[in-house]
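Under our numbering, the first residue of the sequence shown is numbered 190, with each subsequent residue one higher.
For each residue, glycine too, the CB sits at the ideal point set by N, CA and C.
If you're wondering where the values come from, they're calculated on a predicted model, not measured in any experiment.
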Amino acid sequence: MVRNFLVIALAACVSGAVAQKSKVNAAWRGLTDYQATVKEKPDVSYLNKAKEAIDLAAASEETKDNVKMHTYRAQIYYELFKYNLKQEEEKAAGGDKKQKMEIAYSNVSTKEFFDAIKSVEAVKANTKEKDAFQELLSTSLSMVDDLNNLAVGSYKAKKYDEAADYFENSFGLSNMINQGRKDTVSLFNASLSASKAKNYNKVVKINQRIIDEKMSNAGTYQYLYNAKCAVNDSAGALNSLKEGRSLYPNDMTLLNLETDYYIKSGKQQESLNNLNIALEKDPNNAVLHLIAANTLDNMANPKGPNGKDLDKPANFSELFSKAEEHYKKTVELKPSNTEYSFNALYNLGALYYNYGTYMYNKEMNDATIAKLAQKQKEITAKVNEQYKKAIPYFEQALQIKGDDVSTLQSLRKLYLLTGDEAKANEISAKLKK
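This is how it looks when you write it as structure tokens:
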């Protein structure tokens with residue numbers, strides 16, 4: 190009795206395994222029957238039967254890891270995706286075929302598509318039957334194209350986050366198929382899409398992958414720096430910037446980002462060092478001259494946290510002269526953006542005005558009571574030289590922005606200090622309007 194039971198049980202197991210393998214074969218027949226109808230009129234009933242059979246085979250312990258099962262499953266699910274894509278294309282209204290396809294790709298469900306990719310990966314990962322993947326090579330290459338089309342469709346539909354994922358998946362699948370050849374464009378597009386989506390954590394992840402894949406360039410570190418700044422990872426941003434600068438010391442964008450970081454961090458000397466490097470490479474860049482002038486101006490005239498003036502540095506005269514030189518160079522270069530010209534003119538006028546006021550206050554504070562009147566007369570002449578230097582630059586600034594209140598008020602005060610009451614009255618009248 191025991192022997193007979195074992196024979197029956199063994200027969201049942203063999204029968205079950207055969208039954209599941211028959212499901213794999215049934216799936217293949219359904220797939221080929223469907224593909225035979227595609228050119229004329231696709232009969233999706235064959236495809237549905239193929240899916241039903243392959244799902245049973247995929248759920249069975251006997252065949253769930255079978256290479257043939259995954260080979261057919263990949264093709265069946267990919268055909269389902271393509272069928273659904275065709276339906277979306279037919280529903281898309283207006284436009285030419287290209288536009289309709291972009292709309293279809295942005296709307297189609299991708300569940301079946303990614304299920305197909307999982308089976309492709311399973312076949313590729315099988316080490317025992319390495320040649321089995323060749324049967325899926327053509328399908329896999331088509332899938333890469335579809336991933337790129339899905340990405341473009343999502344991007345044009347402003348679904349930037351989805352586009353980033355599709356581009357990254359395209360890179361992964363392409364990399365798996367073409368081992369040793371990397372689709373650099375897809376990862377760069379993924380980074381751009383994630384940035385457009387303002388998904389800065391994803392931007393960091395993608396660009397770190399670009400570095401890990403040894404595909405980075407200077408732009409990779411620019412994206413990393415900006416993304417880490419956006420998520421308030423200051424330490425990480427600085428590390429990425431330093432790494433990028435060490436790898437690409439001649440990249441101007443990274444140099445400018447580092448300079449901007451130093452300026453925001455109050456590291457004026459470091460920012461000035463970078464600006465000098467940048468100006469050596471681009472001596473006629475008005476913006477760089479203006480930033481250098483502002484930096485030198487701030488170094489010459491430091492202020493405390495409360496905004497009050499601090500003591501002048503020992504090298505004040507040198508800093509003042511260099512700031513003056515860079516402001517004048519900015520004006521001379523006539524930048525296309527008039528805002529830069531205005532700022533250079535206004536700040537140059539303010540540089541002379543502030544220096545004159547500083548000279549007056551310093552000399553008068555040092556004067557004794559007995560010599561106060563004499564000292565005032567002497568210093569007033571020197572101070573007026575600075576005030577008269579300032580006036581033409583404020584006047585030129587006013588030609589650019591005729592209603593700027595700060596410029597008008599500064600000019601009025603300077604006219605009064607230099608004894609030009611008529612012009613001071615003209616400014617007063619403008620301020621009353």
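- Apart from sequence neighbours up to five positions away, the residues of its chain that approach Glu278 with a beta-carbon distance below 7 Å are Lys289, Met290, Ala293, ordered along the chain.
- By DSSP's assignment, Lys492 forms a beta bridge with Asp498.
- With contacts defined as CB atoms closer than 8 Å, Ala467 and Pro524 fail to qualify as a contacting pair.
- Closest option to Lys345, judged by alpha-carbon separation, among Met365, Ser295, Asn214: Ser295.
- In the three-state reduction of the DSSP assignment, Thr252 falls in the coil class.
- Tyr549 is positioned such that its CB atom lies closer than 8 Å to that of Val572.
- Taking 4 residues as the shortest admissible run, the segment 390-434 contains the following complete alpha helix (DSSP H) segments, listed from N- to C-terminal end: 407-419.
- Thr442 and Val333 have their C-alpha atoms roughly 33 Å apart.
- About 7 Å separates the Cβ atoms of Asn536 and Asp486, confirming a contact at the 8 Å cut-off.
- In the DSSP assignment, Phe322 falls outside any alpha helix (DSSP H), carrying neither H nor E.
- If you look at Ala282, you'll find it isn't in any alpha helix (DSSP H); DSSP assigns it neither H nor E.
- Here DSSP, grouped into helix, strand and coil, assigns Ala379 to helix.
- Residue burial annotation: Asn490 is buried, with at least 16 other C-beta atoms found within 10 angstroms of its C-beta.
- Note on Ala586: 16 or more other CB atoms within 10 angstroms of its CB, so buried under the neighbour-count rule.
- By the neighbour-count definition (other C-beta atoms within 10 Å, threshold 16), Thr316 is an exposed residue.
- With respect to Tyr235, Asp244 sits apart: the two C-beta atoms are not nearer than 8 Å.
- When rounded, the separation of the alpha-carbon atoms in Asp232 and Lys275 is 13 Å.
- Here the segment 361-368 does not lie against the segment 391-399, with fewer than 3 beta-carbon pairs under 8 Å apart.
- Approximately 10 Å separates the beta-carbon atoms of Tyr547 and Phe509; this is outside 8 Å, ruling out the contact.
- Counting C-beta atoms within 10 angstroms of its own C-beta, Gln323 has fewer than 16 neighbours from the protein chains shown and is therefore classed as exposed.
- Residue environment analysis places Gly538 among the buried positions, since at least 16 neighbouring C-beta atoms fall within 10 angstroms of its C-beta.
- Selection Lys566, Asn554, Thr607 evaluated against Tyr576 yields Thr607 as nearest (Cα-Cα).
- Per the coordinates, the alpha-carbon of Tyr267 lies some 28 Å from the alpha-carbon of Lys391.
- Glu229 carries a coil assignment under DSSP once its states are collapsed to helix, strand and coil.
- At the C-beta level, Ala424 and Ala482 stay beyond 8 Å of one another.
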